Amino acid sequence: MFNINTTSDKPIYEQIIDNIKELSLKNILKPDDKLPSVREMASMLSVNPNTVSKAYQELERQKIIHTVRGRGTFISLPMDYPIDNDRIIKSLENLRTICIELGHLGFHKEKIFKEIEKIYCDIEKED
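Start counting the sequence shown at 0; every next residue gets the next number (numbering that gives the first Met the number 0).
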């Protein structure tokens with residue numbers, strides 16, 4: 000269910016964040032689904048519990064998940080996600096950087112749009 004690449008330059012806690020966000024977007028993890036505890040997730044992924052804890056803390060800060068004391072950590076309802084203009088601006092800046100990089104790799108606008116469309120189709124297909 001989770002894809003962690005230990006040879007990636009991307010920190011493992013960010014990969015955990017990305018995995019949970021993607022699984023939530025694909026509706027594989029649904030609102031109010033319980034996530035494994037920090038220790039369980041660390042054991043499942045063979046990573047340090049501090050790494051999972053860092054990922055969960057960031058996801059909670061972003062309101063993607065929420066913790067209920069004594070019950071566990073759960074996926075939040077999409078309507079509970081606040082509109083975070085700073086994250087939107089940062090994401091759009093990242094998208095701009097990616098588009099520039101792809102342009103230097105020979106991708107024209109239509110090809111970039113086509114690739115984005117394929118990504119969304121993959122996400123929707125896995126619902």
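Beta carbons: idealized from backbone N, C-alpha and C, even for Gly. If you're wondering where the values come from, they're calculated on a predicted model, not measured in any experiment.
Return the Cβ separation of residue i and residue j in integer angstroms, given the expectation that the two are a contact with Cβ distance under 8 angstroms.
i	j	result
L34	F73	7 angstroms
I122	K25	6 angstroms
Do you know whose CA, among the options, lies nearest residue i's CA?
i	options	result
D17	I99, E57 and G105	E57
M40	K29, Y55, P30 and D32	Y55
Would you check if the distance between the CB atom of residue i and the CB atom of residue j is smaller than 8 angstroms?
i	j	result
I11	I3	yes
P48	R38	yes
I27	V51	no
I111	L101	yes
Is it right to say residue i is buried, meaning 16 or more other beta carbons lie within 10 angstroms of its own, or is it exposed?
i	result
L44	buried
S90	exposed
Y119	exposed
I63	buried
Quick one: what does DSSP say residue i is sitting in, helix, strand or coil?
i	result
F73	strand
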